[in-house]
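Read the structure below first, then the notes.
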Amino acid sequence: MRHIISILMENEPGALSRVVGLFSQRNFNIETLNVAPTEDPSLSRLTVTTIGDDRVIEQITKHLNKLIDVVKLVDLTEGNHIERELMLVKVKAIGAARDEVKRTADIFRAQVVDVTPNLYTVQITGDAVKLDAFLQAMAPIGILEVARTGVSGIARGDKVLSL
Amino acid sequence: MELLSGADMIARFLQDEGVEYIYGYPGGAALHIYDALFRQDKVKHILVRHEQAATHAADGYARAAGKPGVVLVTSGPGATNAVTGIATAYMDSIPMVVLCGQVMSHLIGDDAFQETDIIGVTRPIVKHSFSIRHPSEIPEVLKKAFHLAATGRPGPVVVDIPKDMTAPTERYEYVYPKKVKMRSYNPVTRGHTGQIKKAVDMILKAKRPVFYTGGGVVTGKASEGLTNLVKQLGYPITTTLMGIGAYPQGDDQCLGWLGMHGSYESNMAMHHADLIIAIGARFDDRVTNNTSKFCPTAKIIHVDVDPSSVSKTVRADVPIVGPASSVINEMISLVQGKEIANPEAVSAWWQQINGWRAEREGKLYESSKPGEVLKPQEVVEALCRVTRGEAFVTTDVGQHQMFAAQYYKFEKPNRLITSGGLGTMGFGFPAAMGIKQNYPDDDVVCVTGEGSFQMMMQELSTCKQYGIGVKIVNLNNASLGMVRQWQDLNYKSRHANSYMESLPDFHLLIEAYGFTAITVNTLDELDAALERTFADKHELVFLDVKVDPHEHVYPMQVPLGSMRDMLLSKTERT
Ligand SMILES: Cc1ncc(C[n+]2csc(CCOP(=O)(O)OP(=O)(O)O)c2C)c(N)n1
Ligand SMILES: [Mg+2]
Numbered sequence: 001m002r003h004i005i006s007i008l009m010e011n012e013p014g015a016l017s018r019v020v021g022l023f024s025q026r027n028f029n030i031e032t033l034n035v036a037p038t039e040d041p042s043l044s045r046l047t048v049t050t051i052g053d054d055r056v057i058e059q060i061t062k063h064l065n066k067l068i069d070v071v072k073l074v075d076l077t078e079g080n081h082i083e084r085e086l087m088l089v090k091v092k093a094i095g096a097a098r099d100e101v102k103r104t105a106d107i108f109r110a111q112v113v114d115v116t117p118n119l120y121t122v123q124i125t126g127d128a129v130k131l132d133a134f135l136q137a138m139a140p141i142g143i144l145e146v147a148r149t150g151v152s153g154i155a156r157g158d159k160v161l162s163l
Numbered sequence: 001m002e003l004l005s006g007a008d009m010i011a012r013f014l015q016d017e018g019v020e021y022i023y024g025y026p027g028g029a030a031l032h033i034y035d036a037l038f039r040q041d042k043v044k045h046i047l048v049r050h051e052q053a054a055t056h057a058a059d060g061y062a063r064a065a066g067k068p069g070v071v072l073v074t075s076g077p078g079a080t081n082a083v084t085g086i087a088t089a090y091m092d093s094i095p096m097v098v099l100c101g102q103v104m105s106h107l108i109g110d111d112a113f114q115e116t117d118i119i120g121v122t123r124p125i126v127k128h129s130f131s132i133r134h135p136s137e138i139p140e141v142l143k144k145a146f147h148l149a150a151t152g153r154p155g156p157v158v159v160d161i162p163k164d165m166t167a168p169t170e171r172y173e174y175v176y177p178k179k180v181k182m183r184s185y186n187p188v189t190r191g192h193t194g195q196i197k198k199a200v201d202m203i204l205k206a207k208r209p210v211f212y213t214g215g216g217v218v219t220g221k222a223s224e225g226l227t228n229l230v231k232q233l234g235y236p237i238t239t240t241l242m243g244i245g246a247y248p249q250g251d252d253q254c255l256g257w258l259g260m261h262g263s264y265e266s267n268m269a270m271h272h273a274d275l276i277i278a279i280g281a282r283f284d285d286r287v288t289n290n291t292s293k294f295c296p297t298a299k300i301i302h303v304d305v306d307p308s309s310v311s312k313t314v315r316a317d318v319p320i321v322g323p324a325s326s327v328i329n330e331m332i333s334l335v336q337g338k339e340i341a342n343p344e345a346v347s348a349w350w351q352q353i354n355g356w357r358a359e360r361e362g363k364l365y366e367s368s369k370p371g372e373v374l375k376p377q378e379v380v381e382a383l384c385r386v387t388r389g390e391a392f393v394t395t396d397v398g399q400h401q402m403f404a405a406q407y408y409k410f411e412k413p414n415r416l417i418t419s420g421g422l423g424t425m426g427f428g429f430p431a432a433m434g435i436k437q438n439y440p441d442d443d444v445v446c447v448t449g450e451g452s453f454q455m456m457m458q459e460l461s462t463c464k465q466y467g468i469g470v471k472i473v474n475l476n477n478a479s480l481g482m483v484r485q486w487q488d489l490n491y492k493s494r495h496a497n498s499y500m501e502s503l504p505d506f507h508l509l510i511e512a513y514g515f516t517a518i519t520v521n522t523l524d525e526l527d528a529a530l531e532r533t534f535a536d537k538h539e540l541v542f543l544d545v546k547v548d549p550h551e552h553v554y555p556m557q558v559p560l561g562s563m564r565d566m567l568l569s570k571t572e573r574t
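Chains A and B, in that order, are what the protein sequence lines are. Here the first sequence is numbered in UniProt numbering, starting from 1 and rising by one per residue. Here the second sequence is numbered in UniProt numbering, starting from 1 and rising by one per residue.
Written as structure tokens, this is what we have:
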């Protein structure tokens, strides 16, 4: 099953490489990875999506917790949560396709954020399924470049991941 | 307020931390530190002849002394030479702090002379690592390094120190940090009481129980408690290779050790048990054999200080995360005054176990015939006799390692010192040096093979420099015996590169360093030679014993089988 694990870790050089290294060293898989500092500059939040059965996920969270730089973590998929990813896509937009791209973007509540005579750059946010669907819709028109941030997420309700 | 350079801070910190020995080898990036060590005399630096030996010596010291071993190496090749020893310590959870010189910080990333990203290289084989970014951080970082190395599940910690951090011209305030605070590191100090109660309940009700205990009991200094608990219950116990001696092997309740080359009765008991009480052991593949066939009728209680060890390879029915010593003590107080529920079943269990014992009694190996080449097993038995089972025994890796573990009877923890997890040839001799320095009046003997010894034999020179009187018993089968055994069993005896065609004359070699060497060819020479070897505790003696190259280590678990699937000799199997 797919899991989204969010980690608060020391904002130290080397911390990220330890987390990433752990996944390759122990043969765990990383689907997406996203990391940035939090409101507390001494902490970074890293969100990783991974696929594995319960045994593997248990091992992943235990080994992550064991890393000295990891302060706290949560498996968001254990409860209700919000999952978002941002994607920028350059799509061919010539002739009739110009309207088609714009219309589809509207349907997906995506925005065209840059324009040239030949292409549109579209920005879209949502969960991974929505982004995949948008890419599928664009594929016949001609995708030139895709930049995805990887999944970020947060628990619904009063639950808070903090120190 | 005291102002010190980074290098002097390191020397001062080591003093304040109570470090007695530091094992190392100098080089450009470490020279400021070497100079600071030179200008003090509390911390003794031992100059090895290869950085790998520094890590193994520190490792041996740490295992015997129960506190972190300390290593100092220079950047680049100095640091990479230490890697094997760091990995060895990591696999066996040994506390160690490795200080590595590094190129000047402004050169990092330029492929500067002797620059290696040692933090990157060692990342998967350390408990943690630090890079010094400002000299003023040194006391705090070193304190953290020692704290991390020694607490929780111990392990090696690497500290990378760019040369400019130790420059003699830059001075900063030095205060020895008495305490450490790390918000992200809080190792458990006791197990969950509810879980422990549940476990004790199962323990008291068991019909075919076995204790299976490992290195965690040894590093966790819990062997006294373990012995009390097991005695009180009257249950059988088997240990891992790393756990040997945590429970006295001469005691009737001890079945020996288990796993690939463990005793017949240990492996049989594990396979037939209804309850396995695992403490400080990690269900490693050399123990479990095929996990899907592992102990089919047993419930499993697993006590470990490292949560990630629990249910890693074999699912625990009652997981308990906590240090062996405190969990065992809680168990003792819960067991106290209570009777076991099924004394009859347990005594029937003992009958079954004693039956397994009797089956193999006197059949473990065939002694040598008069005048013929010795069997390695009888050499170890004689060694145990002559040293009254009291020596520190280090080993290298191979058949001799298994024979040492099988035929030397250990009554105390930390007396068998061996590379169990990584299986590092070359470990034994330098480890023995480290132990001997902590226990100068004890017998410290390295049981080795001619293959392994040649991996670290340059350390004879270190022993000469510091007068380190370790004993070396070379079980010389003129082959890489363990490799050869596998080739006999799996490759129709095609001995691809497993024999040693041009062994040195060990006698001459040892004498070149000014030490005594004794050669033994037959059984009648053995006892006198051993007596001579151990006559003077402070003299290094090398005993070169020619042993049968055709001998195999048995029992040997059949690959992919269960615990009870074993080859018992060249012709018998279960
Ligand atoms: C550094 C290292 N390289 C290779 C091996 C693989 N290996 C395991 S046992 C062994 C043979 C050891 O020969 P020797 O030291 O003579 O011991 P014997 O088995 O003959 O008693 C080898 C090569 C190892 N364990 N460590
Ligand atoms: Mg050999």
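Backbone N, C-alpha and C define an ideal beta-carbon position, used for all residues, glycine too.
Q. Taking Cβ-Cβ distances shorter than 7 Å, what residues in chain B pair up with Leu16 (chain A)?
A. Near Leu16 (chain A) there are no residues of chain B at all, since even the closest Cβ is about 11 Å away, more than 7 Å.
**Q.** Opening and closing residue of the beta strand (DSSP E) in which Met87 (chain A) lies
**A.** His81 to Lys92
**Q.** Any non-hydrogen atom of ligand 2 within 8 Å of Gly481 (chain B) CB
**A.** yes
Q. What's the call for residue 578 (chain B), buried or exposed, on a 16-neighbour Cβ count within 10 Å?
A. The requested residue 578 (chain B) does not occur in the structure, where chain B is confined to residues 1 to 574.
Q: For my contact list, Gly216 (chain B) and Gly280 (chain B) are in at a C-beta cut-off of 8 Å; report their separation, rounded to the angstrom.
A: 2 Å
(Q) Can you tell me where the beta strand (DSSP E) holding Pro209 (chain B) begins and where it ends? (A) Pro209 to Thr213
(Q) Pull the bridge partners of Tyr23 (chain B) from the DSSP assignment, please. (A) B:Ile46 and B:Val71
(Q) Given a cut-off of 9 Å on the beta-carbon distance, is the pair Gly250 (chain B) and Ile132 (chain B) in contact? (A) no
Q: Output yes if chain A places a C-beta closer than 9 Å to the C-beta of Arg282 (chain B); else output no.
A: no
Q) With distances taken from CA atoms, which of B:Ser184, B:Val547, B:Val558 and B:Pro307 is nearest Val380 (chain B)? A) B:Val547
Q. Any chance the CB of Ser452 (chain B) is under 8 Å from a heavy atom of ligand 1?
A. yes
Q) Using the beta-carbon of each residue, which ones in chain A are nearer than 8 Å to Arg183 (chain B)? A) Val71 and Leu163
Q: Give the residues from the region 298 to 323 of chain B that approach chain A closer than 9 Å (Cβ to any Cβ), ordered along the chain.
A: Asp306, Pro307, Ser308, Ser309, Val310, Ser311, Lys312 and Arg315
Q: Can you grab the Cα-Cα spacing for the pair Cys295 (chain B) / Thr516 (chain B), in whole Å?
A: 49 Å
(Q) Quick check: is any heavy atom of ligand 2 less than 8 Å from the C-beta of His400 (chain B)? (A) yes
Q) Taking 9 Å as the CB-CB limit, is Gly129 (chain B) close to chain A? A) Here residue 129 (chain B) is Ser; the residue named in the question, Gly, does not match the sequence. It does: the Cβ of Ser129 (chain B) has a partner Cβ on chain A nearer than 9 Å.
**Q.** Through-space distance from Gly362 (chain B) to Asp53 (chain A), alpha-carbon basis
**A.** 48 Å
Q) Can you name the start and end residues of the alpha helix (DSSP H) that Asn438 (chain B) belongs to? A) Gly428 to Asn438
Q) Alpha carbon to alpha carbon, what distance is there between Ala64 (chain B) and Asp396 (chain B)? A) 16 Å
Q. Any heavy atom of ligand 1 closer than 8 Å to the CB of Thr80 (chain B)?
A. no
(Q) Quick check on DSSP: helix, strand or coil for Arg385 (chain B)? (A) helix
Q.
So with CB distances below 7 Å, who are the chain B contacts of Gly21 (chain A)?
A. Arg123 and Pro124
Q | Test: Gly69 (chain B) CB closer than 9 Å to a CB of chain A | A | no
Q | Span separating the alpha-carbon of Ile86 (chain B) from that of Ile340 (chain B) | A | 44 Å
Q | Cβ-based burial, Ser17 (chain A) [other Cβ within 10 Å; buried from 16] | A | exposed
Q: Give me the Cβ distance between Ala29 (chain B) and Val103 (chain B), rounded to the nearest whole Å; I'm assuming they're in contact under 8 Å.
A: 6 Å
(Q) With a threshold of 9 Å between beta carbons, is Leu99 (chain B) in contact with chain A? (A) no
Q) Using a beta-carbon distance cut-off of less than 8 Å, what residues from the region 147 to 169 of chain B approach chain A? A) Leu148
**Q.** Rounded C-alpha distance that separates Thr288 (chain B) from Lys221 (chain B)
**A.** 25 Å
Q. List, in order along the chain, the chain A residues whose C-beta lies closer than 8 Å to that of Ile119 (chain B)?
A. Gly14
Q.
With a threshold of 8 Å (Cβ to nearest heavy atom), would Met457 (chain B) be considered close to ligand 4?
A. Only ligand 1 and ligand 2 can be found as ligands here, which leaves ligand 4 out of the picture.
Q) If the cut is a Cβ gap below 7 Å, which residues of chain B does Glu78 (chain A) touch? A) None at all; the shortest Cβ gap to chain B is about 17 Å.
(Q) Is it the case that the region 520 to 534 of chain B contacts the region 449 to 458 of chain B, given that we only count it when at least three CB pairs across the two stretches are under 8 Å? (A) no
(Q) Given 8 Å as the limit, tell me if Thr84 (chain B) has its C-beta closer than that to any heavy atom belonging to ligand 1. (A) yes
Q | Reference Gly467 (chain B), options B:Arg415, B:Ser452, B:Gln437 and B:Gly451, closest by Cα | A | B:Gln437
Q | Gly150 (chain A) to Arg26 (chain A) span [Cα, whole Å] | A | 22 Å
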